[in-house]
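A quick write-up on the structure given underneath.
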Amino acid sequence: MSVAENKVLMNRLFYDTFNANNLAQLREICTPDVEVESPLFPTEEGRKDGMNAFIKLMTTYRHVHPDMVYVIEDVVAEPDKVAVGFSYTGTHSGSLPDIPASGQKVRVTGLCFVHVRDGKIARIRFCPYGPMPSVLSKHPHK
Amino acid sequence: MSTEANKAVLRRVFEEAFNKNKLEVIDETYAEDYEFDAPPLAGQVVTTGREAFKRRVQSFAAAFGDIHYKIEDVIAEGDLVATNFSVSGLHRGEFAGFPPTNRRVEITGVHFARFVDGRIKKTWAGFTNIDEVLGGQK
Chain R
154 MSVAENKVLM NRLFYDTFNA NNLAQLREIC TPDVEVESPL FPTEEGRKDG MNAFIKLMTT
214 YRHVHPDMVY VIEDVVAEPD KVAVGFSYTG THSGSLPDIP ASGQKVRVTG LCFVHVRDGK
274 IARIRFCPYG PMPSVLSKHP HK
Chain E
9 MSTEANKAVL RRVFEEAFNK NKLEVIDETY AEDYEFDAPP LAGQVVTTGR EAFKRRVQSF
69 AAAFGDIHYK IEDVIAEGDL VATNFSVSGL HRGEFAGFPP TNRRVEITGV HFARFVDGRI
129 KKTWAGFTNI DEVLGGQK
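Protein chains in written order, with this note's numbering: chain R, 154 to 295; chain E, 9 to 146.
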């Protein structure tokens, strides 16, 4: 994969998959054995069943922030790895059993680091940074 | 400066300033008006300047015995360097709101650095598994 192709892969992830709410596409752009590291589910779960953990997490995000929009702020790419600084904005209008909707507008920032194999995401690590944590960081499944 | 030179600076920071506690390396590798955007630590509100950053490095070393930072992956493009890293040690002191667990832990994260004229001008960083490792499954 070229640097340019890896950037296209990140556009597909953040814009064509997350923003278009087309989570089925994760199965096309990630390897079947993708390892996903997120503060929002146990490391072991993301290692053993990263695909389903990823889809479940992003489904929950969309439920909590139905209007959420991601923006890629920075991207660093090499032929087999790519990292992204991103943000999302949205309204916390969806409730979870233990996290009632606040109606608050949020802007959350994060970073991810991706290993690319055969043109697909083989490993992805997410971490938050910045002043506003995700509302899901209060969720008990973490 | 080339991307390889920027990576070399980043590696030097992890190896010398962070792992060997040679804080003077921070004066050589970070811009004077350096800014950082990283998880808040107790008593840390200042997020600019090399001196504030040195105190932050020291507070990590105080919280974790035998502290060791490891660069798992580092990539660079333009003026940015992105790093997959871990920091491990004996969690012996309060850290980021977590009371000491007295366990050996390894915390993973991602770090971004923007370079200007060969020095680190700004960084963003966060931890991935800190709640799981220091707080247990909540």
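Idealized CB from N, CA, C, for every residue including glycine.
Own chain, CB closer than 7 Å to arginine 270 of chain R, minus 5 neighbours either side, in chain order
As a first step, residue 270 of chain R must be located in the first sequence, where it is residue number 117. Correct list, in chain order: Thr184.
When you compare the CB positions of valine 267 of chain R and valine 224 of chain R, do they come within less than 8 Å of one another, or not?
The count along the first sequence starts at 1 and reaches residue 267 of chain R at position 114. The count along the first sequence starts at 1 and reaches residue 224 of chain R at position 71. No, they are not a contact pair.
Against chain R, which members of the segment 99-124 of chain E pass a CB distance test of less than 9 Å?
Residues Thr116, Gly117, Val118, His119, Phe120 and Arg122.
Cβ of glutamine 145 of chain E within 8 Å of any chain R Cβ
Along the second sequence, one-based indexing puts residue 145 of chain E at 137. Any reading at glutamine 145 of chain E needs caution, since the residue's pLDDT is 45, under 50, leaving its predicted position unreliable; the model's value is listed next. A Cβ of chain R is located within less than 8 Å of the beta carbon of glutamine 145 of chain E.
Within the segment 81-133 of chain E, note down every full beta strand (DSSP E) run reaching 3 residues or more, in order along the chain.
If one requires a minimum length of 3 residues, the beta strand (DSSP E) runs lying completely within the segment 81-133 of chain E are 88-99 and 112-124, in chain order.
Residues of chain R with a CB under 8 Å from the CB of glycine 8 of chain E: which are they?
Any answer about residue 8 of chain E is impossible in this case: the structure gives chain E only from 9 up to 146.
Span of the beta strand (DSSP E), counted from its first residue to its last, around isoleucine 274 of chain R:
Looking up residue 274 of chain R in the first sequence gives position 121. Where isoleucine 274 of chain R is concerned, the enclosing beta strand (DSSP E) stretches over 273-282.
Could you tell me whether the segment 18-34 of chain E touches the segment 72-82 of chain E, using the rule of 3 or more Cβ pairs below 8 Å?
Of all C-beta pairs linking the segment 18-34 of chain E to the segment 72-82 of chain E, three or more are shorter than 8 Å, placing the two stretches in contact.
Which class does phenylalanine 194 of chain R belong to by DSSP, given the choice of helix, strand or coil?
Reading the first sequence from its first residue, position 41 is the one you call residue 194 of chain R. If DSSP states are grouped into helix, strand and coil, phenylalanine 194 of chain R belongs with coil.
Given this structure, state the Cα-to-Cα distance separating phenylalanine 207 of chain R from valine 189 of chain R, to the nearest angstrom.
For the purposes of this step, residue 207 of chain R is taken as residue 54 along the first sequence, with counting starting at 1. For the purposes of this step, residue 189 of chain R is taken as residue 36 along the first sequence, with counting starting at 1. Rounded to the nearest angstrom, the two C-alpha atoms are 7 Å apart.
Put serine 246 of chain R into one of helix, strand or coil per three-state DSSP.
Within the first sequence, numbered from 1, the residue matching residue 246 of chain R stands at position 93. DSSP places serine 246 of chain R in coil when its eight states are reduced to three.
Pull up the CB-CB distance for leucine 264 of chain R and phenylalanine 61 of chain E, whole angstroms please, since I reckon it's below 8 Å.
Within the first sequence, residue 264 of chain R is the residue found at index 111, counting from 1. Within the second sequence, residue 61 of chain E is the residue found at index 53, counting from 1. No, leucine 264 of chain R and phenylalanine 61 of chain E are not in contact; Cβ-Cβ is about 18 Å, not under 8 Å.
Compare the C-alpha of histidine 216 of chain R against each of R:Gly247, R:Glu197, R:Asp202 and R:Leu193 and name the closest.
By 1-based counting over the first sequence, the position of residue 216 of chain R is 63. With distances taken between Cα atoms, histidine 216 of chain R lies closest to R:Gly247.
Tell me which residue opens and which closes the alpha helix (DSSP H) that valine 15 of chain E is part of.
By 1-based counting over the second sequence, the position of residue 15 of chain E is 7. Looking at the sequence provided, one finds lysine at residue 15 of chain E rather than valine. Residues 11-20.
With DSSP as the reference, please indicate the residues paired to valine 297 of chain R in a beta bridge.
No statement about residue 297 of chain R is possible, as the shown extent of chain R runs from 154 to 295 and does not include it.
Helix, strand or coil: which one does DSSP assign to valine 229 of chain R?
If you number the first sequence from 1, residue 229 of chain R lands on position 76. Of the three classes helix, strand and coil, the one that applies to valine 229 of chain R here is strand, per DSSP.
Are the CB atoms of arginine 58 of chain E and aspartate 35 of chain E within a distance shorter than 8 Å?
Taking the first residue of the second sequence as 1, we reach residue 35 of chain E at position 27. Taking the first residue of the second sequence as 1, we reach residue 58 of chain E at position 50. Their beta carbons are under 8 Å apart, which means aspartate 35 of chain E touches arginine 58 of chain E by this criterion.
From the beta carbon of phenylalanine 22 of chain E, is the nearest beta carbon of chain R less than 8 Å away?
Residue mapping note: residue 22 of chain E aligns to position 14 of the second sequence, counting from 1. No - not a single Cβ of chain R is within 8 Å of the one on phenylalanine 22 of chain E.
Using a Cβ-Cβ cutoff of 8 Å, what residues of the segment 265-289 of chain R are near chain E? List them in chain order.
Cβ contacts with chain E come from Cys265, Phe266, His268, Arg278, Phe279, Cys280, Pro281, Tyr282 and Gly283.
Could you tell me the boundaries of the beta strand (DSSP E) in which alanine 39 of chain E lies?
Here the question's residue 39 of chain E lines up with position 31 in the second sequence. Per DSSP, alanine 39 of chain E belongs to the beta strand (DSSP E) from 38-45.
Using DSSP bridges, identify the partner residues of arginine 270 of chain R.
Reading the first sequence from its first residue, position 117 is the one you call residue 270 of chain R. Partner residues in the beta bridge of arginine 270 of chain R, as assigned by DSSP, are R:Lys273.
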